[in-house]
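*Asks:* Can you read through this structure? Questions will come right after.
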Amino acid sequence: MAFARLEKKDMYLHFSIDKRLPKLILIDQGALEKIGEICLKLGVSQKALIISDPTVIKVTEDKISESLHESKIDYSIKLIEHATKDAVEQVRKEIRKGKSSVVFGVGGGGVIDVSKLSASQENIPFVSVPTVASHDGIASPRAKINNIAPFSIEAKGPIAIIADIDIISKAPYRLTASGCGDLIAKLTSVKDWELAHLRVNEKFDETAANMARESGQSLIKNAKLIRKKLKEGYKKVTEALIKSGISMSLVGSSRPSSGAEHMFSHKLDQIAPNSAYHGEQCGIGTILMMYLHGGDWKTVVKTLKTVGAPTTAKDIRVDREIIIRALCEAKEVRRDRYTILDEKRIVPKVAEEVATVTGVI
Ligand SMILES: [Zn+2]
Numbered sequence: 009m010a011f012a013r014l015e016k017k018d019m020y021l022h023f024s025i026d027k028r029l030p031k032l033i034l035i036d037q038g039a040l041e042k043i044g045e046i047c048l049k050l051g052v053s054q055k056a057l058i059i060s061d062p063t064v065i066k067v068t069e070d071k072i073s074e075s076l077h078e079s080k081i082d083y084s085i086k087l088i089e090h091a092t093k094d095a096v097e098q099v100r101k102e103i104r105k106g107k108s109s110v111v112f113g114v115g116g117g118g119v120i121d122v123s124k125l126s127a128s129q130e131n132i133p134f135v136s137v138p139t140v141a142s143h144d145g146i147a148s149p150r151a152k153i154n155n156i157a158p159f160s161i162e163a164k165g166p167i168a169i170i171a172d173i174d175i176i177s178k179a180p181y182r183l184t185a186s187g188c189g190d191l192i193a194k195l196t197s198v199k200d201w202e203l204a205h206l207r208v209n210e211k212f213d214e215t216a217a218n219m220a221r222e223s224g225q226s227l228i229k230n231a232k233l234i235r236k237k238l239k240e241g242y243k244k245v246t247e248a249l250i251k252s253g254i255s256m257s258l259v260g261s262s263r264p265s266s267g268a269e270h271m272f273s274h275k276l277d278q279i280a281p282n283s284a285y286h287g288e289q290c291g292i293g294t295i296l297m298m299y300l301h302g303g304d305w306k307t308v309v310k311t312l313k314t315v316g317a318p319t320t321a322k323d324i325r326v327d328r329e330i331i332i333r334a335l336c337e338a339k340e341v342r343r344d345r346y347t348i349l350d351e352k353r354i355v356p357k358v359a360e361e362v363a364t365v366t367g368v369i
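This is the structure we're talking about:
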């Protein structure tokens, strides 16, 4: 991997010279206080646009403004409420109006996605500043905006990632558990990719596949530590999510990290919107797809339970019929992507059996 790890007293930075990857990654306690210093390291000295939401800005604004002032970087703040097409348009307008040279997305998945897509469309760099470890969009070259497309669309990945573990660890734990669901998903997404390579000769990249797989395996290894809700555990989840995001940047597609389990989650978004978080749905999707792959789905269930993530329809408050329908219709989300769903005929009776045997319903 083209990363150099530079140890400093209480933090470490990863630098990359590979154009596909973030130039700089900082994952540590107090990382937000380095935001100005990081801008200077990246060569950003002109106006920055900070995108956030009304809740997050309250706990981050003081640290951000102090750091940017110290580094003499001019900035403005724009708050958004929801990740919609309209929010993307508003942010793009703000970028042009303020002649911003960089966009910081400070917040959860929605803020990150809107900031990433807006910066990408206005052709300026984007810095990812996640305040929750809930999915791998933190570091990916993809953005999911519900009223644009039912799955993630292409955008430019972040030039840098600043993940402050002090802030991430204060977010509701349910969000971190959801991030764990998005991590376990890499075990089936990579299996789907291998299958596509084998069956339809799809291009396969060993490095990207290994990175995605390792991020899923890291969850299995650290599940107990994560459940203790210590900063070390939050750091493990954040690191693994970033690694998964980078696996997508390496190949310029979501392929390494998004397979049939993601299609299942996207289908749930369509037929039972706002029932659960992305990672929670992906976690349940992983149980079902791992079963269809003939893999070790019991370890998937055990790991999700250990971290406190949902494993059943009841846990995410949807009816059994919804799970059966989502499993039957998941393939429709992306017909172009070959997965295990192309190898099985998932009629309602089969879907019901799979979901019953695995304890999902
Ligand atoms: Zn995901």
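Residues in the sequence shown are numbered from 9 upward in steps of one, following my numbering.
For every residue, glycine included, the Cβ atom is placed at its ideal position computed from N, Cα and C.
The structure displayed is predicted, hence computed values, not measured ones.
#1: Using 10 angstroms around the beta-carbon of residue 347, count the other beta-carbons present and answer buried if the total reaches 16, otherwise exposed.
#2: Give the DSSP-derived three-state secondary structure of residue 355 in the structure shown.
#3: For residue 288, which option in 281, 255, 273 has the closest C-alpha, if you only look at C-alpha atoms?
#4: For residue 228, which residues from the same chain have a beta carbon less than 6 angstroms from its beta carbon, with the 5 sequence-adjacent residues on both sides left out?
#5: Given a cut-off of 7 angstroms on the beta-carbon distance, is the pair residue 299 and residue 196 in contact?
#6: What are the start and end residues of each continuous beta strand (DSSP E) run of 3 or more residues lying completely inside the stretch 103 to 136, in chain order?
#7: Span of the alpha helix (DSSP H) holding residue 8?
#8: Ligand 1 heavy atoms versus the CB of residue 274: any closer than 6 angstroms?
#9: Taking DSSP as the reference, what is the three-state secondary structure of residue 138?
#10: Between residue 190 and ligand 1, is there a pair consisting of the residue's CB and a ligand heavy atom that are separated by less than 6 angstroms?
#11: Counting along the chain, where does the alpha helix (DSSP H) carrying residue 232 start and finish?
#12: Determine the direct distance from the alpha carbon of residue 368 to that of residue 55, and round the result to whole angstroms.
#13: Which residues in the same chain have their Cβ closer than 6 angstroms to the Cβ of residue 91, if we skip the five residues on either side of it in sequence?
#14: Would you say residue 77 touches ligand 1, meaning its beta carbon is less than 6 angstroms from a heavy atom?
#15: In this structure, how does DSSP classify residue 162 when only helix, strand and coil are distinguished?
#16: Check whether the Cβ atoms of residue 265 and residue 194 lie closer than 7 angstroms to each other.
#17: At a threshold of 6 angstroms, does residue 205 count as lining ligand 1 (C-beta to nearest heavy atom)?
#18: Can you give the beta carbon distance from residue 278 to residue 158, rounded, assuming they're within the 8 angstroms contact cut?
#19: For residue 75, which residues in the same chain have their Cβ closer than 6 angstroms to its Cβ, ignoring the five residues on either side in sequence?
*Replies:* This is what the structure holds:
#1: Buried is the call here.
#2: Coil, per DSSP.
#3: When each option's Cα is compared against that of residue 288, the closest is 273.
#4: Closer than 6 angstroms at the Cβ level, and outside the excluded window around residue 228, lie 311.
#5: It is not a contact, given that the beta carbons lie outside the stated cut-off.
#6: Residue ranges of uninterrupted beta strand (DSSP E) with 3 or more members, entirely inside the stretch 103 to 136 and ordered along the chain, are 110 to 115.
#7: Past the boundaries of the shown model lies residue 8; the chain is included only from 9 to 369, so the question cannot be answered.
#8: No, Cβ of residue 274 sits at least 6 angstroms from all heavy atoms of ligand 1.
#9: For residue 138, the three-state secondary structure derived from DSSP is strand.
#10: The answer is yes for residue 190.
#11: Residues 214 to 235.
#12: Distance between the alpha carbons of residue 55 and residue 368: 49 angstroms.
#13: Within the same chain, and ignoring the five residues on either side of residue 91 in sequence, the residues whose Cβ sits closer than 6 angstroms to its Cβ are 118, 121, 122, 153.
#14: No, the beta carbon of residue 77 sits no closer than 6 angstroms to any heavy atom of ligand 1.
#15: Look at residue 162 here: in three-state DSSP terms it is strand.
#16: In contact: residue 265 and residue 194 (Cβ atoms closer than 7 angstroms).
#17: Not a single heavy atom of ligand 1 lies less than 6 angstroms from the C-beta of residue 205.
#18: The distance from the Cβ of residue 278 to that of residue 158 is about 6 angstroms, consistent with a contact at the 8 angstroms cut-off.
#19: Counting only residues of its own chain and dropping the five nearest sequence neighbours on each side, residue 75 has a CB closer than 6 angstroms to the CB of 41, 43, 44.
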